[in-house]
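Novice: So that we are looking at the same thing, I have put the structure below in structure tokens.
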Amino acid sequence: MSNHSFFRQFAKRSVKSSAANNNAVIYTRVSTKEQADNNQSLDIQRRKCLEHATSRGYTIMGMFGGTHESAKNDERKEFNRMLRFVKQKSSGVSRIIVLTLDRFSRSGANAIAIAEELKREGIFIEAVTQQIDTRTTQGQLSQNINLVLSHFENQQRRERAILGMTEKLLKGYWVGKAPLGYTITKVGNEQKIIINEQGRALRKAFHMKVELQLDNTEIARWLRGQGVKVSPQLLTLTFRNVFYCGFLSHSLLPDQVVPGRHPKLISEEMFRRLNDLQASKPQGYVHAKEAPAVPLKNHVRCHRCDRPLTAYIVRKKGLWYYKCNTVGCKMNVSARALHQGYKGLLSELVLEPHLVEPFKAQVEAVFHSLNQESAEARREV
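Plus 37 on top of the position in the sequence shown (first one is 1) and you've got this note's numbering.
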């Protein structure tokens, strides 16, 4: 019998497919500043992750997060700082430990793409409360389902929040940051909006525009002298904001204005007079629509600095290009080449035939449950 041991030195090396060492980092986050200030959730996440790492003999190479970062998109300072660190070969990191997968990301497809990129580098996401072996096909599928459903749940919560805000607006209560010249306070559980010192100066600015017909640049200069920092362009928008004459206009109420419960800064008559004056001096600005030729604009990211790509056209050639706007990055690629690469990536996202039915059953069950919760929430609003 021939001895094959001599020939093993010429065998192909295995592709890096699993965590090669015990080096790990921990990532924690909460969604709001209030939660971060309270700190309890962050402490629990950190403690649970450390206990998990200790029980498995992992070496912690760094702690990241520890603050409030919304996971609905992946433009997070601490999150990106962690990604840059683990991708450095010198870090030797093979695991990112999080309490749950939704702490890693709620961005859905983009989160899956990041996880896949990390896997190619030999780095795996390890959730303390979700024991998933992502070295297997089934484990990767389970992780991807969890990431997609985290995104779906986030969208469901957003829908419920929008319903609640819309109802408040229809009842005359403002939602969001107070407009210039107003301060939001709370009396018990009720919101109260009051006119502040800047508002009193702004009221004089309205009179200066109507009675003296001064240029916005002059009025903005006068306001700066009163401690109100506002540009002539912002002043134009301010003069057109119906909030100042007692009404509410909001993107959640398209083509509607409703009477507000806040104090008026000026009368309705003054608002009409001012905007009759403004209408006689059209600005002539036209906003460009999205270009169908570059559908990936703002949806794909620069591989160097992780910023969303914008797009432009070379009119002489009639060719579109994607580019990164980060100063000094110089990342530039033709739309045709990027589209071909994107199509190739999509063609790889195919489930094994034997996993299709289990995937459908699991997703349908979860979606049914979440839709029931959403219906109940709508009835409560």
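Yeah, the Cβ is synthetic: ideal placement off N, Cα and C, and Gly gets one too.
Taking R261 as the reference, which of E234, G94, H391 and I151 has the closest Cα?
Specialist: Within the sequence shown, numbered from 1, the residue matching residue 261 stands at position 224. For the residues E234, G94, H391 and I151, the minimum Cα distance to R261 belongs to E234.
Novice: Exposed or buried, which one is F43 when buried takes at least 16 other CB atoms within 10 Å?
Specialist: Translated into positions along the sequence shown, residue 43 becomes position 6. Under this definition F43 is an exposed residue.
Novice: On the criterion of 16 or more Cβ atoms from any shown chain inside 10 Å, does K246 qualify as buried, or is it exposed?
Specialist: The residue you call residue 246 lines up with position 209 of the sequence shown. The residue is buried, with at least 16 neighbouring Cβ atoms inside 10 Å.
Novice: Between which two residues does the alpha helix (DSSP H) carrying A257 extend?
Specialist: To locate residue 257, count along the sequence shown from 1; it is residue 220. First-last of the alpha helix (DSSP H) with A257: N253 to G262.
Novice: So, at 6 Å on beta carbons, what are the nonlocal neighbours of R240 in its own chain, with the 5 sequence-adjacent residues on each side left out?
Specialist: As a first step, residue 240 must be located in the sequence shown, where it is residue number 203. Closer than 6 Å at Cβ, skipping near neighbours: L302.
Novice: Buried or exposed for S127, please, with buried defined as at least 16 other CB atoms from any protein chain shown within 10 angstroms of its CB.
Specialist: In the sequence shown, residue 127 corresponds to position 90, counting from 1. Exposed.
Novice: Since G264 and G236 should fall inside the 8 Å C-beta cutoff, what is the C-beta to C-beta distance between them, to a whole number of angstroms?
Specialist: As a first step, residue 264 is located in the sequence shown; it is residue number 227 there, counting from the start. As a first step, residue 236 is located in the sequence shown; it is residue number 199 there, counting from the start. 12 Å between Cβ atoms; not a contact.
Novice: In the DSSP assignment, what are the bridge partners of S371?
Specialist: Working through the sequence shown from its first residue, we reach residue 371 at position 334. According to DSSP, S371 bridges with Y358.
Novice: Mind checking who T220 pairs with in its DSSP beta bridge?
Specialist: Indexing the sequence shown from 1 puts residue 220 at position 183. According to DSSP, which records beta bridges pairwise, T220 is partnered with I231.
Novice: Give me whichever residues DSSP pairs with G99 in a beta bridge.
Specialist: Residue 99 sits at position 62 when you count from the first residue of the sequence shown. According to DSSP, which records beta bridges pairwise, G99 is partnered with V62.
Novice: Report the residue from R83, V185 and Q46 whose alpha carbon sits nearest the alpha carbon of E401.
Specialist: If you number the sequence shown from 1, residue 401 lands on position 364. Of R83, V185 and Q46, the residue nearest in Cα terms is V185.
Novice: Considering only C-alpha positions, which residue in the set N58, V62, A61 and L79 is nearest to S68?
Specialist: Along the sequence shown, read from residue 1 onward, the residue named residue 68 stands at position 31. The candidate whose alpha carbon is nearest that of S68 is L79.
Novice: Cα separation between P390 and L136?
Specialist: Walking along the sequence shown from the start, residue 390 turns up at place 353. Walking along the sequence shown from the start, residue 136 turns up at place 99. C-alpha separation (whole angstroms): 32 Å.
Novice: Alpha carbon to alpha carbon, what distance is there between T173 and K156?
Specialist: Looking up residue 156 in the sequence shown gives position 119. Looking up residue 173 in the sequence shown gives position 136. For K156 and T173, the distance between alpha carbons rounds to 12 Å.
Novice: As a quick exercise: from L138, A238 and E306, pick the residue whose alpha carbon is nearest that of N191.
Specialist: Here residue 191 is taken as the residue at index 154 of the sequence shown, counted from 1. The shortest C-alpha separation from N191 is found at L138.
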